[in-house]
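Residue numbers for the sequence shown follow our numbering, so the first one is 979 and each next one is one higher.
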Amino acid sequence: MATISTIRWLALGAALALGAPAAQAQQAPIKIGELNSYAQWAAFTLPYRNGWQMALDEINANGGVLGRRIEIVSRDDGATTGSATRVADELVSREGVSLLFGSFLSNVGVAMADYANQKKIVYIAAEPLTDAVTMAQGNRYTFRIRPNNFMQVGMLVDQAKASGAKRWAIVAPNYEYGQSAAAVFKRLIQERVPGAQIVAEQYPALGKIEAGATASAIEQAKPDGIFNVLFGPDLTQFVREGNTRGLFEGATVLSLLTGEPEWLLPLKDEVPEGWTVTGYPWDEIKDPKHKAFIDAYRAKYNDTPRLGSLLGYMVMTMIRDAIERAGSTETEAVIKALEDAKFDTVIGPVTMRGIDNQSTMGAWVGKLVLKGAAGGMTDWTYKDGASFMPTEAEVKAVRKD
979 MATISTIRWL
989 ALGAALALGA
999 PAAQAQQAPI
1009 KIGELNSYAQ
1019 WAAFTLPYRN
1029 GWQMALDEIN
1039 ANGGVLGRRI
1049 EIVSRDDGAT
1059 TGSATRVADE
1069 LVSREGVSLL
1079 FGSFLSNVGV
1089 AMADYANQKK
1099 IVYIAAEPLT
1109 DAVTMAQGNR
1119 YTFRIRPNNF
1129 MQVGMLVDQA
1139 KASGAKRWAI
1149 VAPNYEYGQS
1159 AAAVFKRLIQ
1169 ERVPGAQIVA
1179 EQYPALGKIE
1189 AGATASAIEQ
1199 AKPDGIFNVL
1209 FGPDLTQFVR
1219 EGNTRGLFEG
1229 ATVLSLLTGE
1239 PEWLLPLKDE
1249 VPEGWTVTGY
1259 PWDEIKDPKH
1269 KAFIDAYRAK
1279 YNDTPRLGSL
1289 LGYMVMTMIR
1299 DAIERAGSTE
1309 TEAVIKALED
1319 AKFDTVIGPV
1329 TMRGIDNQST
1339 MGAWVGKLVL
1349 KGAAGGMTDW
1359 TYKDGASFMP
1369 TEAEVKAVRK
1379 D
């Protein structure tokens, strides 16, 4: 017969055994879903993944969030709306993630915003720039980090006022991002530059530009200003053809994103000097906190950062801060922790405006210059996004929530 002492020890062992699963559950990782166009748009998305992975490693090395590690379940979104929503559903239904972030193309971002609204799960758009993500298709579950088209185009148009250019041509990829940017430019250039008119518009299919025909059509219109929205291989081909034809000589060129290393590096010594662009002059940034990020990134990956690297790092750290403030991963708590919240980021304070869930992250605006055999930015300034956001009245006029 067992002694009383033995029975007590057996009872204690049983209690500890029963308590172990509960203790383990409390320490289970926080699972977050991430999706992006890694296969199709590697130039941006791979540095972006490096950025969030670097932040994730730092967060977990420091004890995680709420005493739990963060686990990112990452998938390729196929660069299509159908594939992205299918992948998102797998992340939510099968993997049980607490929230979603990522995406590259604007049409995918719009589809993800709709998915988030239907499923009532937080989605943080990383790269999609179309205004629709936080405006016409905006909802309380969808947040965006990067400055949208309205903000970045506004920064460029401000720079165009002194140029004297009045006859403008537009070249943009024929999908959501390009169409949105072109619509914003047409509105803002005519509002802010008296007498401005659009004399040519070219919308090549994304990834399928016929650069010669596109450049020729613009050349025939004889514009004195060109607004360019192309990126990736389309941009490289267009620049090469334009340089050959002398299309850019004497013209004012405003170009979205072209100063980002992702799209600037492939141009090599064909960089069209003098273009006014938004971009990321990482090699000239001196701010100690930002410089520390750049140095750490270079040490970890033996590579230079891209704009995607910075964005990925910022998204991950802002997610950490939101969960910490929420004290939970419950959707409503995270939403409240994000709305009108101020975040201390590597580029300085960034606020998530509650009325449209658009952050005040800004952009670097300057001119392209050839530095040796590669391009860079000169005469640049960082433009605070808060100064270029749509007004609250404009937001209320188009949002449905």
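Positions of the beta carbon are idealized from the N, C-alpha and C atoms, including for glycine.
Quiz prompt | Three-way DSSP call (helix, strand, coil) for residue 1040 in this model | solution = Along the sequence shown, one-based indexing puts residue 1040 at 62. DSSP places residue 1040 in coil when its eight states are reduced to three.
Exercise. Measure from the C-beta of residue 1284 to each C-beta in chain B and report whether the shortest distance is under 8 Å.
Key: Considering every chain present, this structure includes no chain B. It has just one protein chain.
Quiz item: Which residues bound the beta strand (DSSP E) around residue 1129?
Solution: By 1-based counting over the sequence shown, the position of residue 1129 is 151. Note, residue 1129: premise wrong, no beta strand (DSSP E); alpha helix (DSSP H) at 1127-1138.
Quiz item: Can you tell which of 1329, 1011, 1256 has the C-alpha that lies nearest to the C-alpha of residue 1067?
Solution: Position 89 of the sequence shown, counted from the first residue, corresponds to residue 1067. It is 1011 whose Cα lies nearest to the Cα of residue 1067.
Quiz item: So what does DSSP say about residue 1317, is it helix, strand or coil?
Solution: The residue labelled residue 1317 in the question sits at position 339 within the sequence shown. Residue state, collapsed to three classes: coil.
Quiz item: Grouping DSSP H, G and I as helix and E and B as strand, with all else coil, what is residue 1260?
Solution: In the sequence shown, residue 1260 corresponds to position 282, counting from 1. Residue state, collapsed to three classes: helix.
Quiz item: How many whole angstroms separate the CB atoms of residue 1247 and residue 1346, which I take to be in contact at a CB cut-off of 8 Å?
Solution: Stepping through the sequence shown from its first residue, residue 1247 is reached at position 269. Stepping through the sequence shown from its first residue, residue 1346 is reached at position 368. At roughly 12 Å, the Cβ-Cβ gap does not stay under 8 Å, so residue 1247 and residue 1346 are not in contact.
Practice problem: Please confirm whether residue 1149 and residue 1192 have their CB atoms less than 8 Å apart. | Solution: Stepping through the sequence shown from its first residue, residue 1149 is reached at position 171. Stepping through the sequence shown from its first residue, residue 1192 is reached at position 214. Yes, the pair counts as a contact, with Cβ atoms nearer than the cut-off.
Quiz item: Given that a residue counts as buried once 16 or more other Cβ atoms are within 10 Å of its Cβ, and exposed if not, what is residue 1270?
Solution: As a first step, residue 1270 must be located in the sequence shown, where it is residue number 292. Per the 10 Å Cβ criterion, exposed.
Practice problem: Please say whether residue 1022 and residue 1388 have beta carbons closer to each other than 8 Å? | Solution: With the chain represented from 979 up to 1379, any question about residue 1388 goes unanswered, as that position is not in the structure.
Quiz item: Considering only the beta carbon of each residue, do residue 1289 and residue 1123 sit closer than 8 Å?
Solution: Residue numbering aside, residue 1289 sits at position 311 when the sequence shown is read from its first letter. Residue numbering aside, residue 1123 sits at position 145 when the sequence shown is read from its first letter. In this structure, residue 1123 lies closer than 8 Å to residue 1289 by Cβ.
Exercise. My understanding is that residue 1330 touches residue 1341, with C-beta atoms under 8 Å, so please give their C-beta distance in whole angstroms.
Key: Sequence index remark: in the sequence shown, residue 1330 carries index 352 (1-based). Sequence index remark: in the sequence shown, residue 1341 carries index 363 (1-based). The Cβ separation is near 17 Å, so there is no contact.
Self-check item: As assigned by DSSP and simplified to three states, the class of residue 1365
Solution: As a working mapping, residue 1365 is identified with position 387 in the sequence shown. In the structure shown, residue 1365 sits in a helix (DSSP, three-state: H, G or I).
Quiz item: Using a Cβ-Cβ cut-off of 6 Å (strictly less than) and excluding sequence neighbours within five positions of residue 1337, which residues of its own chain qualify?
Solution: Here residue 1337 is taken as the residue at index 359 of the sequence shown, counted from 1. Around residue 1337: 1123, 1328, 1330.
Quiz item: Can you give the beta carbon distance from residue 1201 to residue 1177, rounded, assuming they're within the 8 Å contact cut?
Solution: Stepping through the sequence shown from its first residue, residue 1201 is reached at position 223. Stepping through the sequence shown from its first residue, residue 1177 is reached at position 199. Between residue 1177 and residue 1201 the Cβ distance is about 5 Å, and since that is below 8 Å, they are a contact.
Quiz item: Curious, which full-length alpha helix (DSSP H) runs of at least 4 residues does the region 1194-1226 contain?
Solution: 1210-1223
Exercise. Could you pull out every residue in the same chain whose Cβ sits closer than 7 Å to the Cβ of residue 1170, ignoring the five residues on either side in sequence?
Key: Sequence index remark: in the sequence shown, residue 1170 carries index 192 (1-based). Contacts found: 1135, 1139.
Self-check item: Complete beta strand (DSSP E) runs within the region 1069-1153 (minimum length 3 residues, chain order)
Solution: 1078-1080, 1101-1103, 1120-1122, 1145-1149
Quiz item: From residue 1147 to residue 1198, what does the alpha carbon distance come to, in whole angstroms?
Solution: The residue given as residue 1147 occupies position 169 in the sequence shown. The residue given as residue 1198 occupies position 220 in the sequence shown. C-alpha separation (whole angstroms): 10 Å.
Quiz item: Which word fits residue 1280, buried or exposed, when buried means at least 16 other C-beta atoms lie within 10 angstroms of its C-beta?
Solution: In the sequence shown, residue 1280 corresponds to position 302, counting from 1. Exposed: under 16 other Cβ atoms inside 10 Å.
Quiz item: Taking Cβ positions, are residue 1187 and residue 1209 nearer each other than 8 Å?
Solution: The residue labelled residue 1187 in the question sits at position 209 within the sequence shown. The residue labelled residue 1209 in the question sits at position 231 within the sequence shown. Contact flag unset, no.
Quiz item: Straight-line CA distance for residue 1304 to residue 1040?
Solution: Here the question's residue 1304 lines up with position 326 in the sequence shown. Here the question's residue 1040 lines up with position 62 in the sequence shown. If I take the Cα positions, the gap works out to 19 Å.
Quiz item: What does a CB cutoff of less than 8 Å around residue 1070 pick up in its chain, not counting 5 residues either side in sequence?
Solution: One-based indexing of the sequence shown puts residue 1070 at position 92. The residues are 1011, 1078, 1097, 1099.
Quiz item: On the three-state DSSP scale, how would you describe residue 999?
Solution: Within the sequence shown, numbered from 1, the residue matching residue 999 stands at position 21. Confidence at residue 999 is low in this model, with a pLDDT of 43, below 50, so its placement is unreliable and the value that follows should be read with caution. The answer is helix: DSSP assigns residue 999 an H, G or I state.
Quiz prompt | Rounded straight-line distance, which links the Cα of residue 1125 to that of residue 1301 | solution = Working through the sequence shown from its first residue, we reach residue 1301 at position 323. Working through the sequence shown from its first residue, we reach residue 1125 at position 147. The straight-line gap from Cα to Cα measures roughly 22 Å.
Quiz item: Looking at C-alpha atoms only, which residue of 1165, 1264, 1119 is the closest neighbour of residue 1175?
Solution: Indexing the sequence shown from 1 puts residue 1175 at position 197. The shortest Cα separation from residue 1175 among 1165, 1264, 1119 belongs to 1165.
Quiz item: Secondary structure at residue 1058, three-state DSSP: helix, strand or coil?
Solution: Position 80 of the sequence shown, counted from the first residue, corresponds to residue 1058. It is coil, neither helix nor strand.
Quiz item: Using the C-alpha atoms, what's the distance from residue 1339 back to residue 1154?
Solution: Position 176 of the sequence shown, counted from the first residue, corresponds to residue 1154. Position 361 of the sequence shown, counted from the first residue, corresponds to residue 1339. Cα to Cα, the separation comes out at about 22 Å.
Self-check item: residue 1115 and residue 1256 closer than 8 Å at C-beta
Solution: Translated into positions along the sequence shown, residue 1115 becomes position 137. Translated into positions along the sequence shown, residue 1256 becomes position 278. No. Outside cutoff.
Exercise. Compute the distance between the beta-carbons of residue 1335 and residue 1121, then report whether it is under 8 Å.
Key: As a working mapping, residue 1335 is identified with position 357 in the sequence shown. As a working mapping, residue 1121 is identified with position 143 in the sequence shown. For residue 1335 and residue 1121, yes; Cβs fall inside 8 Å.
Self-check item: Spatial distance of residue 1106 from residue 1223 (CA atoms)
Solution: For the purposes of this step, residue 1106 is taken as the residue at position 128 of the sequence shown. For the purposes of this step, residue 1223 is taken as the residue at position 245 of the sequence shown. The straight-line gap from Cα to Cα measures roughly 32 Å.
Quiz item: How would you write the range of the alpha helix (DSSP H) that residue 1297 sits in, first residue to last?
Solution: On the sequence shown, residue 1297 is found 319 positions in, with the first residue counted as 1. 1285-1304 is the span of the alpha helix (DSSP H), which, as asked, contains residue 1297.
Quiz prompt | Span of the beta strand (DSSP E), counted from its first residue to its last, around residue 1331 | solution = What you label residue 1331 is simply residue 353 of the sequence shown in a count that begins at 1. Taken as a continuous stretch (DSSP letters only), the beta strand (DSSP E) holding residue 1331 covers 1326-1331.
Exercise. Have a look at 1103, 1074, 1094 and flag the residue whose alpha-carbon is nearest the alpha-carbon of residue 1084.
Key: Residue 1084 sits at position 106 when you count from the first residue of the sequence shown. Nearest C-alpha to residue 1084: 1103.
Self-check item: Inter-residue CB distance, residue 1282 and residue 1260 (contact presumed, cutoff 8 Å)
Solution: Residue 1282 sits at position 304 when you count from the first residue of the sequence shown. Residue 1260 sits at position 282 when you count from the first residue of the sequence shown. About 7 Å; that satisfies the 8 Å criterion.
Self-check item: Same chain, Cβ closer than 6 Å to residue 1379, neighbours up to 5 away in sequence not counted
Solution: Within the sequence shown, numbered from 1, the residue matching residue 1379 stands at position 401. Hits under 6 Å: 1117, 1118.
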